[in-house]
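Chemist: Just passing along the structure, written as structure tokens.
There are 2 protein chains.
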Amino acid sequence: MINEKDIGLVESIFSFWDKLTPQQASLILGNSINANYKRGENIHRGDNDCVGVLLIKSGELRTYILSEDGRDITLYRLGAGDVCILSGASCILKNITFDVHIDAEKDSELISINSAVFQQLCNENIYAENFSYKSTIDRFSDVMWAIQQILFLSFDKRLTIFLLDEISRTGSNTIIMTHEQIAKYIGSAREVVSRMLKYFEREGLVKLTRGKIEVIDAVLLKEII
Amino acid sequence: MINEKDIGLVESIFSFWDKLTPQQASLILGNSINANYKRGENIHRGDNDCVGVLLIKSGELRTYILSEDGRDITLYRLGAGDVCILSGASCILKNITFDVHIDAEKDSELISINSAVFQQLCNENIYAENFSYKSTIDRFSDVMWAIQQILFLSFDKRLTIFLLDEISRTGSNTIIMTHEQIAKYIGSAREVVSRMLKYFEREGLVKLTRGKIEVIDAVLLKEII
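These protein sequence lines are chains A and B, in that order.
Heads up, the first sequence stops at 225 in full-length UniProt numbering, and the numbers go up one at a time, no gaps.
Heads up, the second sequence stops at 225 in full-length UniProt numbering, and the numbers go up one at a time, no gaps.
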């Protein structure tokens, strides 16, 4: 069971809450548990394991797809107050025929709702079903954005967008990541990332030290986009 | 206005029809028109032109995204009896923030429903809204499939899948397309397609003549996948 504060969060995130019968509301709360993950831990493996619907109390989740040879493409990230429906979507929504992988990118505190119970709710209550669809379509828009970045943007633009996103997300001009990790995130190869970063360094845009990239001139960097 | 037979089609495709008030039903029918497109004609340009929700009576529509430099990636195809909601989706569903291009791939007969009217219906009637979401999510699954083909499959597999899909779709072993067109469809370059097709020809899988590809050994070709 989850505590009073968590119950408040469930009620505020699930905008359909006032459309539930008392039985439905207590069924959901009775099947909600706390689930905490360490940074880097895998939450959902993409093989229909139905981890449930996840509400994010704190932390960050990264959703990605993975090729057979281990290449991964980030689709989107979710943070505090977001609901992660694709974790159990292929179990809950019959017309979701694909699956994704989800990792904790930071230490994350989640509320996990049993996916069989949530599916039953969606079958019974059109407002809950509607909410699930709506959340999924929000992610569809995210995915389309990510794809267009990957397929269409020239590589210097992709790398620049990644660097700028990182510094705006962390509030620091220094990005503590290896070139290998960056390559993984933007769907490229380490060599390609290193070559472009060295080019950026020569242009006075960034300063490279082992495992770190310092953005020196964000204004000039923005002009690449 | 559309004729009796077309009204029957609207009622059968829109599974929420019995949840409409008589006013809502006649609003939809009063704002439905016939729209015919020739093979190759562009239907929706991706710049929020809100062509409306399209029901396909006959023909085929291809949905794709387009890069600034003209590269195009096929996301999915729709045929008779399908509903094309993404044509007006960014007008109808507030949380769709991307846009796609749609062409008629064959001469196509459509019923087009005004998107402002359809949006109003979705605002008023949760069953219609639900139907729109559900149709959109079906396409989300299609798009995820297409992306994984493009990003992850090695090129010989992608080309093979394309050739096999074409012969199963048309029922003929001869594909009447240029290498340029095939490259466009599978998100590649003409040179790459030509090189791989010549390799397939040397392997006795296909026979190439100007503007045509004849699949000679579909069984052997399937082994590539």
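The C-beta atom is built at its ideal place from N, Cα and C for all residues, glycine as well.
Just curious, the alpha helix (DSSP H) that Ile182(A) is in, first and last residue?
Modeler: Position 182 of the first sequence, counting from 1, holds the residue named residue 182(A). Looking at the DSSP string, the run of the alpha helix (DSSP H) that includes Ile182(A) is 179-186.
Chemist: Name the chain B residues whose beta carbon is nearer than 7 Å to that of Ile147(A)?
Modeler: By 1-based counting over the first sequence, the position of residue 147(A) is 147. The contacting residues are Ile147.
Chemist: Does the Cβ-Cβ distance between Tyr133(B) and Tyr76(A) come in under 7 Å?
Modeler: Counting from one through the second sequence, the residue named residue 133(B) turns up at place 133. Counting from one through the first sequence, the residue named residue 76(A) turns up at place 76. Not closer than 7 Å, so no.
Chemist: Along the chain, which unbroken stretches of the beta strand (DSSP E) at least 3 residues long are found entirely within the stretch 72-146 of chain A?
Modeler: With a minimum length of 3 residues, the continuous beta strand (DSSP E) runs that stay inside the stretch 72-146 of chain A are 72-79, 101-104, 108-113.
Chemist: So which residues of chain A does Ser141(B) contact, with C-beta pairs closer than 9 Å?
Modeler: Start at 1 with the first residue of the second sequence, and residue 141(B) comes out as number 141. Those are Asn95, Ile96, Thr97, Phe98, listed as they occur along chain A.
Chemist: Using Cβ-Cβ distances below 7 Å, what residues of the stretch 44-66 of chain B are close to chain A?
Modeler: So the close ones are Ile65.
Chemist: Could you please tell me which residues of the stretch 143-176 of chain B, in chain order, have their CB closer than 8 Å to any CB of chain A?
Modeler: Against chain A - using a Cβ distance shorter than 8 Å - the residues of the stretch 143-176 of chain B are Val143, Met144, Trp145, Ile147, Gln148, Ile150, Leu151, Phe152.
Chemist: CB Val100(B) to CB Leu86(B), shorter than 7 Å?
Modeler: Here residue 100(B) corresponds to residue number 100 of the second sequence, with the count starting at 1. Here residue 86(B) corresponds to residue number 86 of the second sequence, with the count starting at 1. Yes, Cβ-Cβ distance for Val100(B) and Leu86(B) is below 7 Å.
Chemist: Less than 7 Å between the beta carbons of Ile182(B) and Val192(B), yes or no?
Modeler: Start at 1 with the first residue of the second sequence, and residue 182(B) comes out as number 182. Start at 1 with the first residue of the second sequence, and residue 192(B) comes out as number 192. Cβ atoms of Ile182(B) and Val192(B): not closer than 7 Å.
Chemist: Can you tell me which of the three DSSP states Val192(B) falls into?
Modeler: Your numbering for residue 192(B) matches position 192 in the second sequence. Correct three-state label for Val192(B): helix.
Chemist: Using the Cβ count rule (16 or more neighbours within 10 Å means buried), how would you classify Arg202(A)?
Modeler: On the first sequence, position 202 is the one that residue 202(A) refers to. So Arg202(A) ends up on the exposed side.
Chemist: Cβ of Thr74(B) less than 7 Å from any chain A Cβ?
Modeler: The residue you call residue 74(B) lines up with position 74 of the second sequence. No, Thr74(B) lies away from the interface with chain A (no Cβ there is under 7 Å from its Cβ).
Chemist: Taking only the alpha-carbon atoms, compute the straight-line gap between Lys184(A) and Lys5(B) and give it to the nearest angstrom.
Modeler: For the purposes of this step, residue 184(A) is taken as the residue at position 184 of the first sequence. For the purposes of this step, residue 5(B) is taken as the residue at position 5 of the second sequence. The straight-line gap from Cα to Cα measures roughly 53 Å.
Chemist: Using the Cβ count rule (16 or more neighbours within 10 Å means buried), how would you classify Gly171(A)?
Modeler: Along the first sequence, one-based indexing puts residue 171(A) at 171. Exposed: under 16 other Cβ atoms inside 10 Å.
Chemist: Output, in chain order, the set of chain A residues within a Cβ distance shorter than 8 Å of Asn130(B).
Modeler: The count along the second sequence starts at 1 and reaches residue 130(B) at position 130. Neighbours of Asn130(B) on chain A, chain order: Ile126, Glu129, Asn130, Tyr133.
Chemist: In or out: Gln23(A) buried (at least 16 other Cβ within 10 Å) or exposed?
Modeler: Your numbering for residue 23(A) matches position 23 in the first sequence. Exposed: under 16 other Cβ atoms inside 10 Å.
Chemist: Looking at the unbroken alpha helix (DSSP H) that takes in Lys5(A), where does it start and where does it end?
Modeler: Here residue 5(A) is taken as the residue at index 5 of the first sequence, counted from 1. Where Lys5(A) is concerned, the enclosing alpha helix (DSSP H) stretches over 4-13.
Chemist: List the DSSP bridge partners of Asn34(B).
Modeler: If you number the second sequence from 1, residue 34(B) lands on position 34. DSSP output for Asn34(B) lists Ile111(B) as bridge partner(s).
Chemist: According to the Cβ coordinates, are Ile92(A) and Gln119(A) closer than 7 Å?
Modeler: Your numbering for residue 92(A) matches position 92 in the first sequence. Your numbering for residue 119(A) matches position 119 in the first sequence. Yes. Within cutoff.
Chemist: Using a Cβ-Cβ cut-off of 7 Å, state whether Thr136(A) counts as contacting chain B.
Modeler: Within the first sequence, residue 136(A) is the residue found at index 136, counting from 1. By this cut-off, Thr136(A) is an interface position.
Chemist: Alpha carbon to alpha carbon, what distance is there between Ile7(B) and Phe16(B)?
Modeler: Here residue 16(B) corresponds to residue number 16 of the second sequence, with the count starting at 1. Here residue 7(B) corresponds to residue number 7 of the second sequence, with the count starting at 1. Answer to the nearest angstrom: the Cα atoms are 14 Å apart.
Chemist: Determine the direct distance from the alpha carbon of Cys84(A) to that of Thr63(A), and round the result to whole angstroms.
Modeler: Walking along the first sequence from the start, residue 63(A) turns up at place 63. Walking along the first sequence from the start, residue 84(A) turns up at place 84. Approximately 9 Å, taken between the alpha carbons.
Chemist: Am I right that Asp217(A) and Leu205(A) are in contact with their C-beta atoms under 8 Å? What's the rounded C-beta distance?
Modeler: If you number the first sequence from 1, residue 217(A) lands on position 217. If you number the first sequence from 1, residue 205(A) lands on position 205. Sure, about 5 Å apart at Cβ, within 8 Å.
Chemist: Restricting to Cα atoms, I'd like to know which of Leu29(B), Ser90(B), Lys57(B), Glu11(B) is closest to Arg45(B).
Modeler: Indexing the second sequence from 1 puts residue 45(B) at position 45. Of the listed residues, the one whose Cα sits closest to Arg45(B) is Ser90(B).
Chemist: Within this structure, are the beta carbons of Ser32(B) and Ile2(B) separated by less than 7 Å?
Modeler: Indexing the second sequence from 1 puts residue 32(B) at position 32. Indexing the second sequence from 1 puts residue 2(B) at position 2. The answer is yes: Cβ separation under 7 Å.
Chemist: Measure the alpha-carbon distance for Ile73(B) versus Phe152(A) and round it to whole angstroms.
Modeler: Taking the second sequence and counting its residues from 1, the one referred to as residue 73(B) is at position 73. Taking the first sequence and counting its residues from 1, the one referred to as residue 152(A) is at position 152. Computed Cα separation, rounded: 10 Å.
Chemist: Measuring CA to CA, which of Ile161(A), Ile167(A), Ala80(A), Leu9(A) is closest to Ser108(A)?
Modeler: To locate residue 108(A), count along the first sequence from 1; it is residue 108. The shortest C-alpha separation from Ser108(A) is found at Ala80(A).
Chemist: Tell me which residues share the same chain as Phe131(B) and place their Cβ nearer than 7 Å to its Cβ, disregarding the 5 neighbours each side in the sequence.
Modeler: The count along the second sequence starts at 1 and reaches residue 131(B) at position 131. Contacts found: Phe14, Ser15, Phe16.
Chemist: Since I believe Ile126(B) is in contact with Ile126(A) (beta carbons under 8 Å), could you give me their beta-carbon distance rounded to a whole number of angstroms?
Modeler: Position 126 of the first sequence, counted from the start, is the residue given in the question as residue 126(A). Position 126 of the second sequence, counted from the start, is the residue given in the question as residue 126(B). That pair is a contact at about 6 Å.
Chemist: Cutting at 8 Å between CB atoms, please list the residues of its own chain near Ala116(B), excluding the five before and the five after it.
Modeler: Walking along the second sequence from the start, residue 116(B) turns up at place 116. Counting only Cβ-Cβ distances below 8 Å, and skipping sequence neighbours, we find Cys50, Cys91.
Chemist: Tell me where the beta strand (DSSP E) around Ile216(B) begins and ends.
Modeler: The sequence position of residue 216(B) within the second sequence is 216, counting from 1. Premise fails: Ile216(B) is in no beta strand (DSSP E) and is neither H nor E.
Chemist: Which whole-angstrom value is the C-beta distance of Ile186(A) and Ile175(A), which I expect to be below 8 Å?
Modeler: If you number the first sequence from 1, residue 186(A) lands on position 186. If you number the first sequence from 1, residue 175(A) lands on position 175. Incorrect: roughly 13 Å between the Cβ atoms, too far for contact.
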